[in-house]
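Numbering (numbering that gives the first Met the number 0), first residue to last: 0 to 69. A quick write-up on the structure given underneath.
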Amino acid sequence: MTDCLGCLDEEQLIHIIDALLDTAKRSEQQGMVLDARKKRITAQKVMEIKRQREESWMKLILGRGREVTA
């Protein structure tokens, strides 16, 4: 999944997460519990990818700061 999401920026990932959670809510309201669960799981995976990406960027940025001050 990360290969497919690699070309998306953070704002696009947020829109994907929001859309998945919104459609999961609608699916649940229509009685499609399994479909809603699948969409929530997918949204969680996308959130984790976003979090990992942000974490690696922070490490990169913090690492650069250490090199400059050292």
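Note that beta-carbon positions come from the ideal geometry of N, C-alpha and C, so glycine has one too.
7 angstroms CB neighbourhood of residue i in its chain, flanking five on each side removed
i, result
"Val32", "none"
Proximal residues to residue i (C-beta, below 6 angstroms), its chain only, five neighbours per side dropped
i, result
"Ala35", "Ala23, Ser26, Glu27"
"Ser55", "none"
When the options are compared against residue i, the one with the closest alpha-carbon
i, options, result
"Leu12", "Glu54, Ile48, Lys37, Lys38", "Ile48"
"Lys37", "Arg52, Glu53, Leu20, Arg50", "Leu20"
"Leu7", "Arg52, Ile60, Gly30", "Arg52"
"Glu93", "Gln29, Gly30, Met57, Arg50", "This structure leaves residue 93 out entirely; the chain is present only between 0 and 69."
Residue range of the alpha helix (DSSP H) that includes residue i
i, result
"Gln28", "9-28"
- Query: If we count Cβ pairs, one from each stretch, closer than 8 angstroms, do we get three or more for the segment 13-23 versus the segment 39-53?
  - Reply: In short, these stretches touch, since the Cβ pair count reaches three.
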